[in-house]
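Okay, structure first, notes after.
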Amino acid sequence: MGYKEAIERWNDGEKQELINDFYAEFTYNSNKIENPDTMWSDVQYIFNGKAVRRFRFRDIIMRALKTLMKCKK
Numbered sequence: 001m002g003y004k005e006a007i008e009r010w011n012d013g014e015k016q017e018l019i020n021d022f023y024a025e026f027t028y029n030s031n032k033i034e035n036p037d038t039m040w041s042d043v044q045y046i047f048n049g050k051a052v053r054r055f056r057f058r059d060i061i062m063r064a065l066k067t068l069m070k071c072k073k
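Quick note: the sequence shown uses full-length UniProt numbering, first residue 1, plus one each step.
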């Protein structure tokens, strides 16, 4: 999504959706730096409140993601 489209969506009242999308992408990219096994689909499952079926995260990364989700609420 480009800058102009983001501004239009923000002004149309889609603020919370944009914030949620950013938070998930930020979490994915932050974890990807430290853990190359991090998968976008796994981060999406966590942020959508679903269970991750195939664990490729290290335990410490999974705990960090769960902590981030608690902070978000």
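Ideal placement from N, C-alpha and C gives every residue a C-beta, glycine not left out.
CB of residue i within 8 Å of CB of residue j, strictly
i	j	result
Y28	V43	yes
I61	T38	yes
Residue i, buried or exposed, once every other Cβ within 10 Å from all chains shown has been counted against 16
i	result
L18	exposed
N31	buried
For residue j and residue i, the rounded distance between their alpha carbons
i	j	result
P36	I46	17 Å
T67	N11	31 Å
K4	W40	25 Å
N20	E34	22 Å
R63	G49	15 Å
Minimum length 4: unbroken alpha helix (DSSP H) runs contained in the stretch 8-35: 15-34
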